[in-house]
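K.L.:
In the numbering used here, the protein residues as written are -1 to 767.
The C-beta atom is built at its ideal place from N, Cα and C for all residues, glycine as well.
Would you mind keeping the following structure in view while I ask a few things?
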Ligand code: GLN
Ligand code: ZN
């Protein structure tokens, strides 16, 4: 028995300070790095991480350093470890039946006819995990020793790390039923069959040298899963009764971040035979006293794992103090969640305004804060008084800094009335939009075209000053010209300019709006090897000048067809940025909305007749607690309406949403009041069409006809069948034809082939109706 350390982080970024993992993994996929090479690059990265965390003050041997590495995704890691990959990947197992990198990466990325696991957002974050498929036929068995090997690898270097594994309840709660499962089957029904494999896993981790294991159970905070909080709590009670009484195991920390544990789950964990519980005290309150705490360590999540603010360390200390009032055996300082949601190090941001930088904390700074709080817990508040005061001073400085509050922006917001949020009668708009002259089943894309190496190179050269503004703009015009030509040749009806000028759909806007800062190295994993660099929204937002108008005007000048203006909506801009935490999100969203409203007016003035305002993140920010959802939907939908309600009747406003749980947010989608909505339909294309029909949604809608997340080219027949189903279920005038999402991560070969089939299928179905 070793005591739990006084401070810990629940996980650390895995991609590497310079995205080393991305490079290694992608080289491996491209055949340029063999498996041994990849393993050794990953081992180097893990070693560097442990050394760094020790340098920052976490103990080498006290289990405070988490081992949270993943080649792709932590949910896939857990699924692969317990052997829960669907049957279509069975032939990719190693000769001894274990799941190695080949099966692992194929499950993540698909291959030929073998569709990858579905990907969806992890709780209310912008991280995507792979959805395990579990049915009555799934055979659970320990199929990978990767976790144990990492513990042993650390031990060989003198570290006692704490492996982090997605817990059994969350693994099953996030899984979907296999196709073979009978209707009504819930993966959680397999809990009893799964637990023995976790027991075996725990024993192997102990044998490898782990004194503590962290099992992540964030499902226990959610009210948005298919499983009810009662059922989740009952499953947790059962699971931890079994795992806790395993004869041969390390000590168990069960971690549940992202929101407050449900009262039932909290009571279940408090009473369970485990040794520690980690709770999120930023998105949840200090829980009530509960039976069973007297023998446990409580890890108080007081350092926010999801934002980049240095924050209120004094407040964190006070909250820990409150937690000590619960009567647990010990209290430790922790992050609210894994730090996988924040970049590595503020010190890497040499171009940031030093004043802004002094308000920030990335993973390394947050780790240092944890070390400080842990010292306070051990030695008393006096020992850390200087650090607490310094954090408070930074907070005060931030409140008063110029730009944080802008009088002009604020008075414009105060002057808004209900009419500013209302676009008026839909029938009048459809009548006015007849003048657009679109065919039935209009074909279009979601906005971006492949971001080729050439584009990225040109942008990088421009960034380094090797390509002048004039040269870069000439390059972009050539790119737009070729994208427009391609779409004309393919015969698409509504064209796009391709978004070549955008590194990222949010950052591009952030770079052109006041109130935002962008980072140089602030990468955060989005999924697999993909990372984004969220901007930092620190002050009041305004638009110094038009952002997209010149590119759109140029694109439109090249074609007689309509070119869609392409904007990113306020909710998505917030969701994919690091947002200020000193005012309600609603206020910040409306500031962004006003800037977009002005942009739309400028696009209209430039002769643009169709304008898309993307809100792929609308669903993602939906609070995990039902009670918080109406207020969220109110302000998020409101900000979209504020952005778009100034558009003329004849202007067709589109929106695009990236998820297929259409039924969940249908009321909100309808309330957006966009003329046309394109949505991802990957989950089950047929089901999405049924959901739209059942919802009575009456505006234009384009359920995506193929998945852009994989290079697979959909056949004409396959697309035509979907369209036939759509026109059988929905009024013809309503249906649009488009892919699931933007094409920027695709190559041109598959893009051209897929879009050709899409246009052919639309023509076929058009002729038949
Ligand atoms: N217009 C954007 C694009 O095509 C939309 C991307 C998204 O929804 N994530 O890239
Ligand atoms: Zn999308």
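(1) For residue 748, is the beta carbon positioned less than 7 angstroms from some heavy atom of the ligand GLN?
(2) Report, in whole angstroms, the separation of the C-beta atoms of residue 239 and residue 421, which I expect to be a contact under 8 angstroms.
(3) Considering only the beta carbon of each residue, do residue 139 and residue 81 sit closer than 8 angstroms?
(4) Is residue 614 near the ligand GLN, going by C-beta to nearest heavy atom under 7 angstroms?
(5) Taking 7 angstroms as the cut-off, is the C-beta of residue 608 nearer than that to any heavy atom in the ligand HEM?
(6) Identify whether residue 536 lies in helix, strand or coil by the three-state DSSP scheme.
(7) Does the beta-carbon of residue 483 have 16 or more other beta-carbons within 10 angstroms, so that it is buried, or is it exposed?
(8) Between which two residues does the beta strand (DSSP E) containing residue 7 stretch?
(9) Kindly indicate which residue of 529, 28, 573 has the alpha-carbon position closest to the one of residue 342.
(10) Could you pull the start and end residues of the beta strand (DSSP E) that residue 512 belongs to?
(11) Go to residue 654, then tell me how far its beta strand (DSSP E) extends in each direction, as first and last residue.
(12) Would residue 378 be called buried (16 or more neighbouring beta carbons within 10 Å of its own) or exposed?
(13) How is the alpha helix (DSSP H) around residue 102 delimited, first residue to last?
(14) Could you name each continuous beta strand (DSSP E) segment of 3 residues or more that falls completely within the segment 583 to 633, going from the start of the chain to the end?
(15) Where does residue 306 fall in DSSP's three states?
(16) Do residue 47 and residue 10 have their C-beta atoms closer together than 8 angstroms?
(17) Which runs of the alpha helix (DSSP H), 4 residues or longer, sit entirely within the segment 713 to 759?
(18) Within 10 angstroms of the Cβ of residue 117, are there 16 or more other Cβ atoms? Answer buried if so, exposed if not.
(19) Apply the 10 Å Cβ neighbour rule to residue 208 and answer buried if 16 or more other Cβ atoms are within range, or exposed otherwise.
(20) How far does the beta strand (DSSP E) with residue 795 in it reach, from first residue to last?
(21) Touch check for the segment 184 to 195 and the segment 164 to 176: three-plus C-beta pairs under 8 angstroms?
(22) Report the CB separation of residue 253 from residue 230 in whole angstroms; it is logged as a contact under 8 angstroms.
(23) Can you tell me whether residue 495 is buried or exposed? The criterion is at least 16 other CB atoms within 10 Å of its CB, across all chains shown.
(24) From residue 672 to residue 653, what distance separates their C-alpha atoms?
(25) Rounded to whole angstroms, what is the Cα-Cα separation between residue 514 and residue 294?
(26) Kindly provide the ranges of any alpha helix (DSSP H) runs that are 4 or more residues long and lie completely inside the segment 389 to 421, ordered along the chain.
(27) Considering Cα atoms alone, identify which of 436, 659, 367 is closest to residue 224.
(28) Which residue marks the beginning of the alpha helix (DSSP H) containing residue 556, and which one marks its end?
(29) Exposed or buried, which one is residue 702 when buried takes at least 16 other CB atoms within 10 Å?
(30) Looking at the structure shown, is residue 52 part of a helix, part of a strand, or coil, going by DSSP?
(31) Considering only the beta carbon of each residue, do residue 355 and residue 344 sit closer than 8 angstroms?
(32) Kindly indicate which residue of 122, 26, 357 has the alpha-carbon position closest to the one of residue 391.
(33) Check each candidate in 574, 560, 241 and name the one with the smallest Cα separation from residue 506.
(34) Does the Cβ-Cβ distance between residue 731 and residue 438 come in under 8 angstroms?
(35) Assign residue 423 to one of two classes, buried (16 or more other C-beta atoms within 10 Å of its C-beta) or exposed (fewer than that).
(36) Give every residue of the same chain whose Cβ lies closer than 7 angstroms to the Cβ of residue 170, excluding the five residues on either side of it in the sequence, and list them in chain order.
P.N.:
According to the structure data:
(1) no
(2) Contact flag wrong, Cβ pair sits at about 55 angstroms.
(3) The answer is yes: Cβ separation under 8 angstroms.
(4) yes
(5) What this structure holds is the ligand GLN and the ligand ZN, not the ligand HEM.
(6) In the structure shown, residue 536 sits in a strand (DSSP, three-state: E or B).
(7) exposed
(8) From DSSP, residue 7 is part of no beta strand (DSSP E); its letter is neither H nor E.
(9) Ranking the options by Cα distance to residue 342, first place goes to 529.
(10) Note, residue 512: beta strand (DSSP E), 512 to 515.
(11) 650 to 655
(12) With fewer than 16 Cβ atoms within 10 Å of its Cβ, residue 378 is classed as exposed.
(13) Note, residue 102: alpha helix (DSSP H), 99 to 107.
(14) Contiguous beta strand (DSSP E) elements confined to the segment 583 to 633 occur at 608 to 612, taking only those with 3 or more residues.
(15) Residue 306 sits in coil when the DSSP states are folded into three classes, being neither helix nor strand.
(16) yes
(17) 714 to 727
(18) Buried, since its Cβ has 16 or more Cβ neighbours within 10 Å.
(19) buried
(20) In this structure the chain extends from -1 to 767, so residue 795 is not present and cannot be described.
(21) yes
(22) Going by Cβ atoms, the distance from residue 253 to residue 230 rounds to 15 angstroms, so no, they are not a contact pair.
(23) buried
(24) 6 angstroms
(25) 43 angstroms
(26) Counting only runs of 4 or more, we get 405 to 412.
(27) 659
(28) From DSSP, residue 556 is part of no alpha helix (DSSP H); its letter is neither H nor E.
(29) buried
(30) helix
(31) yes
(32) 357
(33) 574
(34) yes
(35) exposed
(36) These residues qualify, in order along the chain: 132, 185, 186, 188, 189, 192.
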